[in-house]
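Residue numbers (my numbering): 9 to 95.
To start, the structure under review is shown below, and the notes come after it.
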């Protein structure tokens, strides 16, 4: 006599954490004032601050996320600050 066949459990779905599309501005230090828009057709990601009016554009690809454009903006700001410090 054989054992009964167990019914297999359905695998649980992994919870995907949604990444932010609203960030803090490095110039005016306001929380959640920078919005990101991604135009994948043109291949351009745009960041703009609602408070101080600063904006930034970066090239994107099909895998880019808003956090990628924001991190490029922060890196560009740090590069300019280092350049000014060296002079």
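Cβ atoms here follow ideal geometry from the backbone N, Cα and C, with glycine treated the same way.
Measure the beta-carbon distance from residue i to residue j and round it to whole angstroms, keeping in mind my assumption that it falls under 8 angstroms.
i, j, result
"residue 59", "residue 33", "7 angstroms"
Can you grab the Cα-Cα spacing for the pair residue i / residue j, in whole Å?
i, j, result
"residue 43", "residue 64", "11 angstroms"
"residue 46", "residue 62", "17 angstroms"
"residue 48", "residue 83", "22 angstroms"
"residue 13", "residue 25", "36 angstroms"
"residue 79", "residue 16", "44 angstroms"
"residue 50", "residue 30", "21 angstroms"
"residue 39", "residue 89", "21 angstroms"
"residue 27", "residue 91", "31 angstroms"
"residue 71", "residue 20", "26 angstroms"
"residue 55", "residue 77", "8 angstroms"
"residue 67", "residue 22", "31 angstroms"
"residue 1", "residue 18", "Here the chain has residues from 9 to 95 only, and residue 1 is not among them."
DSSP puts residue i in a beta bridge; with which residues?
i, result
"residue 30", "43"
"residue 54", "45 and 65"
Is the beta carbon of residue i sitting closer than 8 angstroms to the one on residue j?
i, j, result
"residue 57", "residue 36", "yes"
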